[in-house]
Amino acid sequence: MNMFRFLGDMTHLFSVLVLLLKIHTIKSCAGISLKTQELYAIVFATRYLDLFTDYISLYNTVMKLVYLGSSLSIVWYMRRHKLVRRSYDKDQDTFRHHFLILPCLILALLINEKFTFMEVMWAFSLYLEAVAILPQLVLLQRTRNIDNLTGQYVFLLGAYRSFYILNWIYRYFTEVHYVHWITWISGLVQTLLYGDFFYYYFHSWKNNEKLQLPA
């Protein structure tokens, strides 16, 4: 494992910890999109179907369990925990995320590395992850005022994908026959979606101001 892959995994892990810290400690999910969290739960559930059939390493297995378990627990907190559920802004989180699922599934059926159930589900999870952040970004634009933990969570998610792109570039030049177009293009699309958020995040950090997105 190279440094970029490790940093990507760690920033992804920290993003989850930041969100769980906010939900568990403050008992608030204000500014967090349930729609995005549900999409991530679907992403990890379909990507890690090989969890108990293909063993790669202890590290790999633990990280899969952490991502899957944390995504399901976040959805549970936001839907079932009384105190957390009260802070959820359902009226603002109205992105129709269901309309993202079917196009991603159709795309996976048409474009995949191998037409088997596991490979189609793997491709589906990549396509869906690429756009899963959209409900969250739309919610942030509507609410505008973003608290620190929510801003850190979204920033770390974007940083995770950016490090993975560096990981792919590194592996392309250091490994023989390392080519995964589906993964690369999906990851690039996902990273580009964070572009506007990154701009305003660094602008607020530079000027020591509260993070706000334009309406």
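Residue numbering for the sequence shown is -31 to -1, 1 to 184, as defined by mature numbering (1 follows the signal peptide of the UniProt record, and there is no 0). For glycine and all other residues, C-beta sits at the position ideal for the given N, C-alpha and C.
Contacts around residue i, its chain only, beta-carbon distance under 8 Å, and the 5 residues preceding and following it disregarded
i: L20; result: T30, K33, L34 and L37
i: L(-11); result: L118
i: N136; result: N(-30), F(-28), R(-27) and G(-24)
i: T160; result: G127, R130, S131 and I134
i: L109; result: G(-1), I115, T119, V123, F166 and L182
i: L90; result: It should be noted that the sequence gives Met, not Leu, for residue 90. Once the five neighbours on either side are set aside, the close Cβ partners of M90 are T15, R16, L18 and A77.
i: H(-20); result: Y36, L125, L126 and Y129
i: Y24; result: T30
i: H(-8); result: Y46
Cβ-Cβ separation, residue j to residue i (assumed contact under 8 Å), whole Å
i: S40; j: A(-2); result: That pair is no contact at about 19 Å.
i: L8; j: L69; result: 7 Å
i: L95; j: I151; result: 6 Å
Alpha-carbon spacing of residue i relative to residue j, whole angstroms
i: D58; j: I154; result: 33 Å
i: Q121; j: F86; result: 36 Å
i: A101; j: L27; result: 27 Å
i: R48; j: L(-13); result: 15 Å
i: L148; j: E88; result: Residue identity differs from the one stated: residue 148 is Val in this sequence, not Leu. Rounded to the nearest angstrom, the two C-alpha atoms are 16 Å apart.
i: N81; j: G156; result: 15 Å
i: E144; j: E178; result: 43 Å
Neighbourhood of residue i by C-beta distance below 7 Å, restricted to the same chain and skipping five residues each side
i: A14; result: L37
i: P72; result: none
Closest residue to residue i among the options (Cα-Cα distance)
i: R62; options: I(-6), E144, P104 and V12; result: Inspection of the sequence shows that residue 62 is occupied by Asp rather than by Arg. Minimum Cα distance to D62 is reached at P104.
i: S(-17); options: V158, V148 and V123; result: V123
i: S42; options: L(-15), I80, E82 and W150; result: L(-15)
i: S173; options: C73, R113 and Y141; result: R113
i: Y169; options: V148, I151 and L106; result: L106
i: T5; options: E98, T22 and Y147; result: E98
i: K51; options: F64, K(-5) and K83; result: K(-5)
Beta-carbon contacts of residue i that lie in its chain and below 6 Å, excluding the five residues immediately before and after
i: F111; result: Residue identity check: residue 111 is Arg in the sequence provided, not Phe. Cβ neighbours of R111 beyond the five flanking positions: Q61.
i: S2; result: D62, P104, Q105 and L108
Ignoring anything shorter than 4 residues, give me the alpha helix (DSSP H) runs that lie fully in the segment 141 to 176, in order along the chain.
If we require 4 residues or more, the alpha helix (DSSP H) runs fully inside the segment 141 to 176 come out as 150 to 162 and 164 to 175.
With a floor of 4 residues, list each alpha helix (DSSP H) that falls wholly inside the segment 99 to 141, ordered by position along the chain.
103 to 112
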